[in-house]
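**Q** Starting off with a structure, shown below.
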Amino acid sequence: MMALEVRVQAQSPIPLDIAFQVEPGELLALVGHSGSGKTTLLRTIAGLWQPQSARVRVNGVTWLDTAARVNLRPDQRRVGVVFQNYALFPHMTAAQNVASAIDHLPGPERLAEATRLLDLVNLHGLGGRKPAQLSGGQQQRVAVARALARRPEALLLDEPFSAVDRATRERLYGEIIELRRHLAMPVVLVTHDMNEAQLLADRMVVIEGGRMVAEGPTDTVMSDTEALRAMGIREVAAMLPAVITEHGTDGLTRLEAPTGPLFLPGITGAPGTQVRVRIMAHEVILSRQRPEGLSAQNILAGTITRIVPGAGPAVMVHIDVGGPEVLARITRRAAEQMALQPGDSVHAIVKSMSVARDHVARALRDVQTAQ
Amino acid sequence: MDWTALWLSMRLAGWTVFILLPVSVFVGRFLAYRRFRGKGLVEALVMLPLVLPPTVLGFYLLVAFGRNSPVGELWHSLFGSQLVFSFQGLVVASILFNLPFAIQPAQRGFEAVPVEVREAAACCGMSPLRSLWRVELPLAWPGLMTAMVLTFAHTLGEFGIVLMVGGSIPGETKTIAIAIYDRVQGFDDQGAATMSAVLVAISLVAITVTYALSARVGRRLS
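Taken in sequence, the protein lines are chains A and B. With this note's numbering, letter number 189 in the first sequence gets 189, and the count goes up by one each step, no holes. With this note's numbering, letter number 220 in the second sequence gets 220, and the count goes up by one each step, no holes.
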């Protein structure tokens, strides 16, 4: 059964026509530019906004059905929301913020639960601080703990990482991935950051101008040129599953992928950890022969499955590298000079340094279920 | 020193604050959160007593409170007394001319509560009433505090409208401001000076305390 079913149609403030479902424990990313309508969707689920026509069902209970004139208030919906700027209560301590979502429990129980949740988000001992005395990352953790306190039937994250610096963001990604092991409810993440979606989401919905332009498992959508036109062609990437095997003394990590070994920099995680690596299509170089005397550390041999021409001077070459596909976005001119055809053998070359640290994500459920 | 007049003024100010506090919470909150047609007109009406001469407001109240007016008749049938030249009439007048002093700061106070924070309260499972109590009132507190102190101090100092609606009946409608006027008229400069000094002291203390409290709340939040 689907835990969360959403269908929204509206003409104003922006036209919307979107429907999606989320399974228990699944994280769905709503991806789109600002103004695409993704935040309005989240607000509809939370009950902060009522579109002209909408239906929201959670675990079989109708939260909103405009046709049947059902519309529960936000406080009547068991929902947890992490707002973009966290919206913590400034006059309460961190612990009181968390406890404020479980007012119905008796005092001691409430305090114990708030402490447990703050420990869960790595804020041990900081419960007595006011939001103003906490860093941006710590405030975000309080907001997550507060959202989880009600034991929500749906967890909604509205660009929760946009207000912190890059280093903090990367640490928070890790914590959210870790936290998800404990969560059984559907999670909806609103973001405009493709890396964020890649790192965290099981499935993605791409929204453009209030309409769904793509929907599916993260790695499928990530490598779908058509779907990603809305997000920018430079976001197109292949997702390779891999396992960390060895951290080299020179800072490069060896990973075992179905395509053979990969050498990538700046990766943390114990050997044996499953990851997925985002290989940006525009960073991949193709060669007919196995190149010699080249600085690039990763050379993947494969077979061209198809060549998709784009609107501009580029083509997208799909290469089967022994299971998953690698994408190479090269110029049409280069493809013609090399006379590339489907079925040809090629080598895809990936510079180690072209794979940024946040292109490597701890594996989510889909990697495990794919095996 | 006319202690009766001072005590009467204090009672009047106390009642005015007591009644206007809930009014300013609900009206101020409504004006702060809602947008509707004619909001400008409502806000202007609230502000009107600030710019009108007290005599104008007093005149209309005299007409409205009179025995032959619907309001005067209703009051008489309910309480068997008349509103004009009575303490109750003074309280009603005081409430009306203090509307801007109570509602304006309260509205500013509620406007200072971010929308997101109110939405977060709802998403934390707080009912609208619980959200008011746990989140909005504590955050709007400096505004409400200002509203109450301004109302209190302003009631102590009001002269024109009290004279129009209340007359100058000792123990019933003769407030400290009227008493001072009476003393000056009666060439008792010494008495007028003492009472004036007391009024200055009370007002100064009240306003200082408000500022100190708002500053403390401000520090608590930042």
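The beta-carbon is built from N, C-alpha and C at its ideal position, and this holds for glycine as well. As the structure is a computational prediction, the values presented were derived from the model and not from experiment.
Check PRO142 (chain B) in the structure and name its three-state DSSP category.
**A** Taking the first residue of the second sequence as 1, we reach residue 142 (chain B) at position 142. The answer is helix: DSSP assigns PRO142 (chain B) an H, G or I state.
**Q** What are the start and end residues of the beta strand (DSSP E) that includes ALA238 (chain A)?
**A** Mapped onto the first sequence, residue 238 (chain A) falls at position 238. 237-247 is the extent of the beta strand (DSSP E) around ALA238 (chain A).
**Q** Of all Cβ atoms in chain B, is any one closer than 8 Å to the Cβ of GLN371 (chain A)?
**A** Numbered from its first residue, the first sequence carries residue 371 (chain A) at position 371. Here the model assigns GLN371 (chain A) a pLDDT of 30, short of 50, so the residue's position is not dependable, and the following value carries that caveat. No, because no Cβ of chain B sits closer than 8 Å to the Cβ of GLN371 (chain A).
**Q** Quick one: what does DSSP say VAL79 (chain A) is sitting in, helix, strand or coil?
**A** The residue given as residue 79 (chain A) occupies position 79 in the first sequence. The answer is strand: DSSP assigns VAL79 (chain A) an E or B state.
**Q** How big is the Cα-Cα spacing for ASP344 (chain A) and VAL317 (chain A)?
**A** For the purposes of this step, residue 344 (chain A) is identified with residue 344 of the first sequence, where counting begins at 1. For the purposes of this step, residue 317 (chain A) is identified with residue 317 of the first sequence, where counting begins at 1. Rounded to whole angstroms, ASP344 (chain A) to VAL317 (chain A) spans 11 Å at the Cα level.
**Q** So GLU116 (chain B) and ALA270 (chain A) are in contact, right, with Cβ under 8 Å, and what is the actual spacing, rounded?
**A** Residue numbering aside, residue 116 (chain B) sits at position 116 when the second sequence is read from its first letter. Residue numbering aside, residue 270 (chain A) sits at position 270 when the first sequence is read from its first letter. Not quite, the Cβ-Cβ distance comes to about 39 Å (not below 8 Å), so this is no contact.
**Q** Using the Cα positions of HIS33 (chain A) and ALA334 (chain A), report the straight-line distance between them to the nearest angstrom.
**A** Here the question's residue 33 (chain A) lines up with position 33 in the first sequence. Here the question's residue 334 (chain A) lines up with position 334 in the first sequence. Taking the straight line from one Cα to the other gives about 32 Å.
**Q** Can you tell me the Cβ-Cβ gap for LEU118 (chain A) and VAL144 (chain A), rounded? I've got them flagged as a contact below 8 Å.
**A** For this step, residue 118 (chain A) is matched to residue 118 along the first sequence. For this step, residue 144 (chain A) is matched to residue 144 along the first sequence. So it is not a contact: roughly 10 Å between Cβ atoms.
**Q** Tell me, please, which residues DSSP counts as bridged to GLU5 (chain A).
**A** Taking the first sequence and counting its residues from 1, one reaches residue 5 (chain A) at position 5. Partner(s): A:GLN21, A:ARG57.
**Q** For VAL206 (chain A), which of helix, strand or coil comes out of DSSP?
**A** Within the first sequence, numbered from 1, the residue matching residue 206 (chain A) stands at position 206. Strand.
**Q** What number of angstroms, rounded off, separates the C-alpha of LEU61 (chain B) from the C-alpha of LEU90 (chain B)?
**A** Mapped onto the second sequence, residue 61 (chain B) falls at position 61. Mapped onto the second sequence, residue 90 (chain B) falls at position 90. In a straight line, the C-alpha of LEU61 (chain B) is about 10 Å away from that of LEU90 (chain B).
**Q** Could you tell me how far apart the beta carbons of ALA242 (chain A) and ALA257 (chain A) are, in whole angstroms, since I believe they sit closer than 8 Å?
**A** Position 242 of the first sequence, counting from 1, holds the residue named residue 242 (chain A). Position 257 of the first sequence, counting from 1, holds the residue named residue 257 (chain A). ALA242 (chain A) to ALA257 (chain A), Cβ: 4 Å. Contact.
**Q** Apply the 10 Å Cβ neighbour rule to ALA16 (chain A) and answer buried if 16 or more other Cβ atoms are within range, or exposed otherwise.
**A** Along the first sequence, read from residue 1 onward, the residue named residue 16 (chain A) stands at position 16. Just to set this straight, residue 16 (chain A) is Leu in the shown sequence, not Ala. With 16 or more Cβ atoms within 10 Å of its Cβ, LEU16 (chain A) is classed as buried.
**Q** Would VAL117 (chain B) pass as an interface residue toward chain A - the criterion being a Cβ-Cβ separation below 8 Å?
**A** The sequence position of residue 117 (chain B) within the second sequence is 117, counting from 1. Yes, its Cβ sits closer than 8 Å to a Cβ of chain A.
**Q** Could you give the uninterrupted runs of the alpha helix (DSSP H) lying entirely in the region 114-178 of chain A, keeping only those of 4 residues or more?
**A** Fully enclosed alpha helix (DSSP H) runs of 4 or longer: 136-149.
**Q** Do you know whose CA, among A:GLY174, A:VAL187, A:THR168, A:HIS192, lies nearest ASP202 (chain A)'s CA?
**A** Against the first sequence, residue 202 (chain A) aligns to sequence position 202. Of A:GLY174, A:VAL187, A:THR168, A:HIS192, the residue nearest in Cα terms is A:VAL187.
**Q** Just to confirm the assignment, what range does the beta strand (DSSP E) spanning LEU27 (chain A) have?
**A** Walking along the first sequence from the start, residue 27 (chain A) turns up at place 27. 27-31 is the span of the beta strand (DSSP E), which, as asked, contains LEU27 (chain A).
**Q** Whether or not the region 110-125 of chain B and the region 68-85 of chain B are in contact is what I'm after, with contact meaning three or more pairs of Cβ atoms, one per stretch, closer than 8 Å; do they touch?
**A** Output reads no: the region 110-125 of chain B does not touch the region 68-85 of chain B.
**Q** Taking the runs of the beta strand (DSSP E) that are 3 residues or longer, which of them lie wholly in the region 270-355 of chain A?
**A** Listed in chain order, the complete beta strand (DSSP E) runs (minimum 3 residues) inside the region 270-355 of chain A are 274-280, 284-287, 298-309, 314-320, 325-331, 345-350.
**Q** So the candidates are A:LEU42, A:ASP75, A:VAL121; which of them puts its Cα closest to the Cα of ASP103 (chain A)?
**A** Here residue 103 (chain A) refers to the residue found at position 103 when the first sequence is read from its first residue. For the residues A:LEU42, A:ASP75, A:VAL121, the minimum Cα distance to ASP103 (chain A) belongs to A:ASP75.
**Q** In three-state DSSP terms, what is ALA147 (chain B)?
**A** The sequence position of residue 147 (chain B) within the second sequence is 147, counting from 1. If DSSP states are grouped into helix, strand and coil, ALA147 (chain B) belongs with the helices.
**Q** Of the residues B:ARG216, B:LEU129, B:GLY66, B:PHE26, which one's Cα is nearest the Cα of PRO105 (chain B)?
**A** In the second sequence, counting from the first residue as 1, residue 105 (chain B) sits at position 105. Closest by alpha carbon: B:PHE26.
**Q** Sort B:THR208, B:GLY28, B:LEU163 by Cα distance to LEU57 (chain B) and report the nearest one.
**A** The residue you call residue 57 (chain B) lines up with position 57 of the second sequence. With distances taken between Cα atoms, LEU57 (chain B) lies closest to B:LEU163.
**Q** Classify VAL213 (chain A) as helix, strand or coil using the three-state DSSP reduction.
**A** Residue 213 (chain A) sits at position 213 when you count from the first residue of the first sequence. Strand, per DSSP.
**Q** Quickly, what does DSSP pair ARG254 (chain A) with across the bridge? List them, please.
**A** The sequence position of residue 254 (chain A) within the first sequence is 254, counting from 1. The partner list for ARG254 (chain A) (beta bridge, DSSP) reads A:GLU246, A:PHE263.
**Q** Let me know the secondary structure DSSP gives GLY63 (chain A) once reduced to three states.
**A** Reading the first sequence from its first residue, position 63 is the one you call residue 63 (chain A). For the sequence presented, residue 63 (chain A) should be read as Trp rather than Gly. Residue state, collapsed to three classes: strand.
**Q** Going by the CB atoms, is the gap between GLY210 (chain A) and SER12 (chain A) shorter than 8 Å?
**A** The residue given as residue 12 (chain A) occupies position 12 in the first sequence. The residue given as residue 210 (chain A) occupies position 210 in the first sequence. Result no, Cβ atoms of SER12 (chain A) and GLY210 (chain A) do not sit closer than 8 Å.
**Q** Please compile the residues from chain B whose C-beta is within a distance smaller than 8 Å of the C-beta of LEU48 (chain A).
**A** Position 48 of the first sequence, counted from the start, is the residue given in the question as residue 48 (chain A). The answer, in chain order, is GLU119, ALA122, CYS123.
**Q** Would you report the Cα separation of ARG365 (chain A) and LEU144 (chain B), rounded to the nearest angstrom?
**A** Here residue 365 (chain A) refers to the residue found at position 365 when the first sequence is read from its first residue. Here residue 144 (chain B) refers to the residue found at position 144 when the second sequence is read from its first residue. Residue confidence is low: ARG365 (chain A) scores 47 on pLDDT, short of 50, so the model does not pin down where it sits. No coordinate-derived value is stated.
**Q** Report the residues of the region 124-135 of chain B with a CB closer than 9 Å to any CB of chain A, ordered along the chain.
**A** Those residues of the region 124-135 of chain B that come within reach of chain A (Cβ to Cβ, closer than 9 Å) are CYS124, GLY125, MET126, SER127, PRO128, ARG130, SER131, ARG134, VAL135.
**Q** Can you name the residues of chain E whose CB is closer than 9 Å to the CB of LEU139 (chain B)?
**A** No chain E is part of this structure, whose protein chains are labelled A and B.
**Q** Taking C-beta pairs closer than 7 Å, name the residues in chain A that PRO49 (chain B) reaches, listed in chain order.
**A** Position 49 of the second sequence, counted from the start, is the residue given in the question as residue 49 (chain B). Chain A residues near PRO49 (chain B): none, gap ~33 Å exceeds 7 Å.
**Q** Buried or exposed, going by whether 16 or more other CB atoms sit within 10 Å of the CB of GLU98 (chain B)?
**A** For this step, residue 98 (chain B) is matched to residue 98 along the second sequence. Reading off the sequence shown, one finds Asn at residue 98 (chain B), where the question assumed Glu. So ASN98 (chain B) ends up on the buried side.
**Q** State the Cα-Cα distance for the pair ILE299 (chain A) and SER131 (chain B), rounded to the nearest angstrom.
**A** Against the first sequence, residue 299 (chain A) aligns to sequence position 299. Against the second sequence, residue 131 (chain B) aligns to sequence position 131. If you take the alpha carbons of ILE299 (chain A) and SER131 (chain B), they lie about 59 Å apart.
**Q** Would LEU327 (chain A) pass as a contact of ILE304 (chain A) if the rule is Cβ separation under 8 Å?
**A** Residue mapping note: residue 327 (chain A) aligns to position 327 of the first sequence, counting from 1. Residue mapping note: residue 304 (chain A) aligns to position 304 of the first sequence, counting from 1. Their beta carbons are not under 8 Å apart, which means LEU327 (chain A) does not touch ILE304 (chain A) by this criterion.
**Q** Shortest alpha-carbon distance to ILE103 (chain B) belongs to which of B:LEU20, B:ILE169, B:VAL205, B:GLY14?
**A** For the purposes of this step, residue 103 (chain B) is taken as the residue at position 103 of the second sequence. Nearest of B:LEU20, B:ILE169, B:VAL205, B:GLY14 to ILE103 (chain B), Cα basis: B:LEU20.
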